[in-house]
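Participant: So for the sequence shown, this note's numbering puts the first residue at 43; every next one is plus one.
Just so it is clear, CB atoms sit at the ideal spot from N, CA and C, and this is done for glycine as well.
Here it is, the structure in full.
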Amino acid sequence: MTLANTIKIAVVGLRTNKSRSSLTILGIVIGITAIIMVMSLGKGAQDLILAQVQGIGSKTIVVIPGRQPTGPSDAAQIFSDSLKERDLTALKRKENIPTLKSIMPIIFGGESSSYEGETYRLTVFGVSELFIKIFDIAPSEGTFFTNEDVRGKADVAVIGSKVKDELFGLSQALGQKIKIKNKNFRIIGVLPNKGQVSFFNFDEMAIVPYTTAAESVFGIKYFHRFIIEADVEEHIPETVEGIKDTLRMSHGIDDPNKDDFFVETQVDLADRLGTITSVLTLFLVAVAAISLLVGGIGIMNIMLVSVTERTREIGLRKALGATNRDILSQFLFEAIFLTGIGGITGVIFGSFFSFITAFILSNIVGLSWTFSFPTEAAFIGIVVATVIGLVFGLYPARQAAKKSPIEALRYE
Numbered sequence: 043m044t045l046a047n048t049i050k051i052a053v054v055g056l057r058t059n060k061s062r063s064s065l066t067i068l069g070i071v072i073g074i075t076a077i078i079m080v081m082s083l084g085k086g087a088q089d090l091i092l093a094q095v096q097g098i099g100s101k102t103i104v105v106i107p108g109r110q111p112t113g114p115s116d117a118a119q120i121f122s123d124s125l126k127e128r129d130l131t132a133l134k135r136k137e138n139i140p141t142l143k144s145i146m147p148i149i150f151g152g153e154s155s156s157y158e159g160e161t162y163r164l165t166v167f168g169v170s171e172l173f174i175k176i177f178d179i180a181p182s183e184g185t186f187f188t189n190e191d192v193r194g195k196a197d198v199a200v201i202g203s204k205v206k207d208e209l210f211g212l213s214q215a216l217g218q219k220i221k222i223k224n225k226n227f228r229i230i231g232v233l234p235n236k237g238q239v240s241f242f243n244f245d246e247m248a249i250v251p252y253t254t255a256a257e258s259v260f261g262i263k264y265f266h267r268f269i270i271e272a273d274v275e276e277h278i279p280e281t282v283e284g285i286k287d288t289l290r291m292s293h294g295i296d297d298p299n300k301d302d303f304f305v306e307t308q309v310d311l312a313d314r315l316g317t318i319t320s321v322l323t324l325f326l327v328a329v330a331a332i333s334l335l336v337g338g339i340g341i342m343n344i345m346l347v348s349v350t351e352r353t354r355e356i357g358l359r360k361a362l363g364a365t366n367r368d369i370l371s372q373f374l375f376e377a378i379f380l381t382g383i384g385g386i387t388g389v390i391f392g393s394f395f396s397f398i399t400a401f402i403l404s405n406i407v408g409l410s411w412t413f414s415f416p417t418e419a420a421f422i423g424i425v426v427a428t429v430i431g432l433v434f435g436l437y438p439a440r441q442a443a444k445k446s447p448i449e450a451l452r453y454e
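Below, the structure is given as structure tokens:
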């Protein structure tokens, strides 16, 4: 029997039992759909995270207090108070780090704010006048505070768009005063709707001079971050080494393994987060792949039932001259067709649901989410589905080929 005839008979066999065939491929469809969605949404999440990380420029370096976490048990290390005013002074000295262009200390934390009976939980973000340049954002209404305001610990604030909406609604915010930690801050500016930038949501912030935040809001004498800008991108490694040497000298540290701070560039952070999201995506794919295994076992069970139900058909075909190889090929092709169709259907469904999810996240939730079709995952998914049909369909096909034509024809 020719290959074309074998394939034709296999297709006829599947079309004869459409309901059973549809239910058989359901597990494969679900598995491939899950894998496509995980890969697509994982890529979208990775792109979103990396875009946020890179939102403050490629020449930016972040100094964080505490030892660099190497595992979950080290997470508390980042809440250290090791960055002090003397460190800021030392880093500003040109002779210590010639390639350092600018430095901005940051103090931040959650606090409640109020205005005429309206309250809102916001993030107080203490920075310097360099905020506009480093984060590339300026007030859409009013102005930003100056270096004189920072030195004088002025009680002024620039608020995000959501803070303005929550506390003032349609009323004018400029010139009004909001209370934060029992202290009145005069609103001098309102930021445009910016959203998330490098893990900070500026829409939900009150931005104040860092000197005011340290003394009047949080009552601390240390900084949560230093954001440093190198003069040119090529000098980033040199600037990083200068920062480390200067802080070790300031802290009296001789052994780099005892550093009570760590330095991250945007490239380092992007690479680290890219690795984390990739590993997480692969883990989720592995979990979703379990459904493919379950689907393969289901196909084997259904094919075994099919062999039993079609015993007389097998006997009749063998009596008419069909060989064991013909019977084996027929049932094997049926299993491969089922899983192949399931793989293609899963890719279509997975792409559709991924696109819908990306559309909702982008247009309704407001995230900068882009749809990404995982070409490699789609190709691998179809191939894997077909291989599953081959592997799990082989045993039922061999059982069918072994049947004796006389016994098969006597089967009731």
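Could you check what DSSP says for Ser414 in three-state terms: helix, strand or coil?
Facilitator: coil
Participant: Is the closest heavy atom of the ligand NAD to the C-beta of Val104 under 8 Å?
Facilitator: Absent from the structure shown: the ligand NAD. Ligands present: none.
Participant: Under a Cβ-count criterion, where at least 16 other Cβ atoms within 10 Å of its own Cβ denotes burial, should Gly159 be classed as buried or exposed?
Facilitator: exposed
Participant: Could you check if Ser124 is buried or exposed, using at least 16 other CB atoms within 10 Å of its CB as the buried criterion?
Facilitator: buried
Participant: Following the continuous beta strand (DSSP E) through Trp381, name the residue where it begins and the one where it ends.
Facilitator: With the sequence shown as reference, residue 381 is identified as Thr, and Trp is not the correct amino acid for it. Element bounds for Thr381: not the beta strand (DSSP E) but the alpha helix (DSSP H), Asn366 to Ile402.
Participant: To the nearest angstrom, how far is it from the Cα of Arg367 to the Cα of Ile378?
Facilitator: 16 Å
Participant: With burial defined as no fewer than 16 other Cβ atoms inside 10 Å of the residue's Cβ, what is the status of Thr253: buried or exposed?
Facilitator: It counts as buried.
Participant: Around the Cβ of Ala420, are there at least 16 other Cβ atoms within 10 angstroms (buried) or fewer (exposed)?
Facilitator: buried
Participant: Helix, strand or coil for Ala248, going by three-state DSSP, please let me know.
Facilitator: strand
Participant: May I have the straight-line CA-CA distance separating Ser63 from Thr417, to the nearest angstrom?
Facilitator: 27 Å
Participant: Between the C-alpha atoms of Ile77 and Phe434, what's the straight-line distance to the nearest angstrom?
Facilitator: 20 Å
Participant: How about the region 292 to 309 and the region 189 to 197: do they share at least three Cβ pairs that are nearer than 8 Å?
Facilitator: no
Participant: When the Cα of Tyr157 is compared with those of Ile201, Trp411 and Leu334, which residue comes out closest?
Facilitator: Ile201
Participant: Determine the burial state of Phe303: buried for a count of at least 16 other Cβ atoms within 10 Å of its Cβ, exposed for fewer.
Facilitator: buried
Participant: For Pro438, count neighbouring C-beta atoms within 10 Å of its own C-beta (all shown protein chains included) and say buried if the count is 16 or more, exposed if not.
Facilitator: buried
Participant: Grouping DSSP H, G and I as helix and E and B as strand, with all else coil, what is Lys219?
Facilitator: strand
Participant: For the region 137 to 191, which segments carrying the beta strand (DSSP E) assignment without a break, of at least 3 residues, lie completely within its bounds, in sequence order?
Facilitator: 142 to 157 and 160 to 169
Participant: To the nearest whole angstrom, what separates the beta carbons of Ala272 and Lys85, a pair I think is in contact under 8 Å?
Facilitator: Incorrect: roughly 30 Å between the Cβ atoms, too far for contact.
Participant: Grab the span of the beta strand (DSSP E) containing Phe265 for me, first residue to last.
Facilitator: Taken as a continuous stretch (DSSP letters only), Phe265 belongs to no beta strand (DSSP E), as it is neither H nor E.
Participant: For Asp129, which residues in the same chain have their Cβ closer than 7 Å to its Cβ, ignoring the five residues on either side in sequence?
Facilitator: Leu289 and Ser292
Participant: Mind checking Thr141: buried by the 16 CB within 10 Å criterion, or exposed?
Facilitator: Burial call: buried.
Participant: Starting from Lys225, follow its DSSP beta bridges and name the residues at the other end.
Facilitator: For Lys225, which the question treats as bridged, DSSP gives the partners Ile222.
Participant: Just the Cα atoms here: how many angstroms apart are Lys444 and Ser61?
Facilitator: 27 Å
Participant: In terms of residue numbering, what span does the beta strand (DSSP E) encompassing Ile406 cover?
Facilitator: Where Ile406 is concerned, there is no enclosing beta strand (DSSP E), because DSSP gives it neither an H nor an E.
Participant: State the DSSP-derived secondary structure class of Ala196, mapped to helix, strand or coil.
Facilitator: coil
Participant: So, for Phe415: in the same chain, excluding its five sequence neighbours on each side, which residues have a beta-carbon less than 7 Å away from its beta-carbon?
Facilitator: Ser82 and Ser393
Participant: Assign Lys206 to buried or exposed, taking buried as 16 or more other Cβ atoms, counted over all protein chains shown, within 10 Å of its Cβ.
Facilitator: Burial call: buried.
Participant: Grouping DSSP H, G and I as helix and E and B as strand, with all else coil, what is Phe260?
Facilitator: coil
Participant: Are the region 212 to 230 and the region 264 to 279 touching, with three or more C-beta to C-beta distances below 8 Å?
Facilitator: no
Participant: On a CA-only basis, which of Glu171, Asn235 and Ala427 is nearest Val455? Give me that one, please.
Facilitator: No answer is possible for residue 455: it lies beyond the span of the chain, which begins at 43 and ends at 454.
Participant: Can you tell me the Cα-Cα spacing of Leu403 and Ile356, whole angstroms?
Facilitator: 54 Å
Participant: Starting from the C-beta of Val462, find all residues in its chain whose C-beta is less than 7 Å away, skip the five residues before and the five after it, and write them out in chain order.
Facilitator: This structure cannot settle anything about residue 462, because the visible part of the chain is limited to 43 through 454.
Participant: If contacts are defined as beta-carbon pairs under 8 Å, then Val105 and Val305 qualify, I think. What distance do you get, rounded to the angstrom?
Facilitator: 5 Å
Participant: Under 7 Å Cβ to Cβ from Lys134, same chain only, skipping five residues before and after it: list those, please.
Facilitator: For Lys134, where only same-chain residues beyond five positions count, the Cβ hits under 7 Å are Ile145.
Participant: How is the beta strand (DSSP E) around Val205 delimited, first residue to last?
Facilitator: Val205 -> not in any beta strand (DSSP E); alpha helix (DSSP H) instead, spanning Ser203 to Phe210.
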